[in-house]
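The listed protein sequences derive, respectively, from chains P and A. Residues 39 to 294 in this note's numbering are what the first sequence lists, from first letter to last. Residues 11 to 149 in this note's numbering are what the second sequence lists, from first letter to last. Ideal Cβ positions, reconstructed from N, Cα and C, are used throughout, including at glycine.
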Amino acid sequence: MKVREMRKKQNSGQVILIAVLAMALILLSTQIYVFEVQMSTINLNSNPLNNYLFAIKLGSRNVVIGSIANISSGGSNTVLAANLDKWVALVDKQNQFGRSTLNYTVEETAPYSSGIWFSWGTEGFGVSSAFVHFMFNLSDRQVEADLSYFVNVTTTLTIEGTYRTVGADEKQVNVTVNLFNEGKPALASQVTLYYRILDGWLRPNASNSYAITDYGNGTYFASFLANISSSTVEVSVLVSDQRQILVRTNATCSQI
Amino acid sequence: MFDNKGQIKIIEAFLAISVMFSVLVLTAPMSSTPDLEKQEKLKKLGTQVLIKLDNNGTLGKLIEGENWTALKQSMDLLLPTGVFYNLTVYDENMQKVNTQEVGNSSQPGPEAVVIQYLCVTQSSDTRFYTIQLQLAWPE
Numbered sequence: 039m040k041v042r043e044m045r046k047k048q049n050s051g052q053v054i055l056i057a058v059l060a061m062a063l064i065l066l067s068t069q070i071y072v073f074e075v076q077m078s079t080i081n082l083n084s085n086p087l088n089n090y091l092f093a094i095k096l097g098s099r100n101v102v103i104g105s106i107a108n109i110s111s112g113g114s115n116t117v118l119a120a121n122l123d124k125w126v127a128l129v130d131k132q133n134q135f136g137r138s139t140l141n142y143t144v145e146e147t148a149p150y151s152s153g154i155w156f157s158w159g160t161e162g163f164g165v166s167s168a169f170v171h172f173m174f175n176l177s178d179r180q181v182e183a184d185l186s187y188f189v190n191v192t193t194t195l196t197i198e199g200t201y202r203t204v205g206a207d208e209k210q211v212n213v214t215v216n217l218f219n220e221g222k223p224a225l226a227s228q229v230t231l232y233y234r235i236l237d238g239w240l241r242p243n244a245s246n247s248y249a250i251t252d253y254g255n256g257t258y259f260a261s262f263l264a265n266i267s268s269s270t271v272e273v274s275v276l277v278s279d280q281r282q283i284l285v286r287t288n289a290t291c292s293q294i
Numbered sequence: 011m012f013d014n015k016g017q018i019k020i021i022e023a024f025l026a027i028s029v030m031f032s033v034l035v036l037t038a039p040m041s042s043t044p045d046l047e048k049q050e051k052l053k054k055l056g057t058q059v060l061i062k063l064d065n066n067g068t069l070g071k072l073i074e075g076e077n078w079t080a081l082k083q084s085m086d087l088l089l090p091t092g093v094f095y096n097l098t099v100y101d102e103n104m105q106k107v108n109t110q111e112v113g114n115s116s117q118p119g120p121e122a123v124v125i126q127y128l129c130v131t132q133s134s135d136t137r138f139y140t141i142q143l144q145l146a147w148p149e
């Protein structure tokens, strides 16, 4: 019994050593974990020059988005060039990595004119788009970089309508709306629907049992009841996407 | 035999202290890299944080809406804990725009790096801002 206790006492130093080793391991792994977590949110392996070029491209894109949002809501077509001129002047003043020079040309190939294409048609298809090409040059004793890129901001709207007669003149109208940003389904910030009565456009409301369903994937389904004497039922949809770019299109509903 | 026991204990204690000390020495460089490397890392960190905020137009919206509290909260969230920063926004005429301080330190220190970032709002009333971000690691 005494011998066992003696051995226990003799081994206590080794137990302490093992405990210290375990503590050291925990300390080390905790420190590594905290460090990794802090750094994982940011990619620090990226090149600072790449970051700068990316920021320039991002700014160019924002300029085009802002300009097309302005023009689509009634602004002058010259807004795009005016904003681009300001942006170019601002970038040219930068000298973080050397002398920066930014140039741009607006797309002139049809259907674009002065970098802008609006087609708010009657066939259930509407487009608001801007297309600009950029050339960026960075020159320094150590760095020489040329970068060509383009920014194409396009909001597309498609609508499809059907109706069925439910009373003498009363019609049940269903409209499916699809919105796209650069060809990909996008969410709208506002969808406004109109239907034609004689020479005027009316907005359906609660008295028309108007209801609109948002499917959350860029598709919206609207339905309403209206007294339309004509056998031609025309609807018009005005949509503002999440970038505040407006697009509109009209369509003639088919009878079911 | 009994005389040696004390010496063995001392050696064991010495070993334990050495292990702890070497771990502390090993982990120290993680938080204290050479100055130039540290500054380079800070620059990358700052630019990436601003790009992240600007990517969906949030940065421009916050500045345009003069929502300095939300901007500070976003920066606090994106920057690692302990990094000192001070952000100043200038308009096209290089007039200071932020009426409220955006940062956790008014003077990040002599070791601070400065990042200049151009921000354009996505709104129809396009506005151009120059952001100056000062960053410093904790001492």
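No Cβ of chain A is located within less than 8 Å of the beta carbon of P/VAL144.
The shortest C-alpha to C-alpha distance from A/GLY67 to any of A/GLN144, A/ASP86, A/THR136 and A/ALA146 is the one to A/THR136. In terms of beta-carbon proximity, P/GLY254 stays away from the interface with chain A, with every pair separated by 8 Å or more. The beta carbon of A/VAL112 lies closer than 8 Å to those of TRP78, LEU81, LYS82, MET85, ASN96, LEU97, THR98 and VAL99 in the same chain, with the five residues before and after it left out. In this structure, the alpha-carbon of A/ILE61 lies about 13 Å from that of A/THR131.
Per DSSP, reduced to three states, the secondary structure at P/PRO149 is coil, with no helix or strand assignment.
Using a Cβ-Cβ cut-off of 8 Å, P/SER138 does not count as an interface residue toward chain A, since no Cβ of chain A sits closer than that to its own. Under the three-state reduction of DSSP, A/LEU87 is assigned to helix. When CB distances to chain A are screened at a threshold of 7 Å, not a single residue of the stretch 225-236 of chain P falls below it. Among the residues of chain P, those whose CB is under 7 Å from the CB of A/ALA26 are ILE54, LEU55 and VAL58, following chain order. In the DSSP assignment, P/ALA264 forms a beta bridge with P/LYS209. For P/VAL189, the three-state secondary structure derived from DSSP is strand.
If you ignore the 5 residues before and after P/MET173, its C-beta comes within less than 7 Å of the C-beta of ASN141 and SER186, all in its own chain and listed in chain order. Under the three-state reduction of DSSP, P/PHE92 is assigned to helix. Rounded to whole angstroms, the gap between the alpha carbons of A/LEU34 and P/ALA127 is 52 Å. Taking the C-beta atoms as reference points, P/THR230 is found nearer than 8 Å to P/LEU276.
Annotation: Cβ neighbours of P/ARG281 in chain A (cutoff 8 Å, chain order): GLY67 and GLN132. Linking A/LEU55 to A/TYR139 through their CA atoms gives a straight-line distance of about 20 Å. The beta carbon of A/ILE61 sits closer than 8 Å to some beta carbon of chain P. Rounded to the nearest whole angstrom, the C-alpha separation of P/ILE94 and P/ASN133 is 13 Å. The Cβ atoms of P/VAL170 and P/VAL211 lie no closer than 8 Å to each other. Excluding five sequence positions before and after P/ARG281, the CB atoms of its chain that fall closer than 7 Å to its own CB belong to ILE103 and ALA107, given in chain order.
Taking C-beta separations shorter than 7 Å and ignoring five residues to either side along the sequence, the partners of P/ASN255 in its chain run PRO223, following chain order. Taken through DSSP and simplified to helix, strand or coil, A/PRO148 comes out as coil. Per the Cβ contact rule, the stretch 234-254 of chain P is not in contact with the stretch 187-196 of chain P (fewer than 3 Cβ pairs under 8 Å). In chain order, TRP158, GLY164, LEU195, SER274, VAL275, LEU276 and VAL277 place their CB closer than 8 Å to the CB of P/ARG286, counting only its own chain and leaving out the 5 sequence neighbours on each side.
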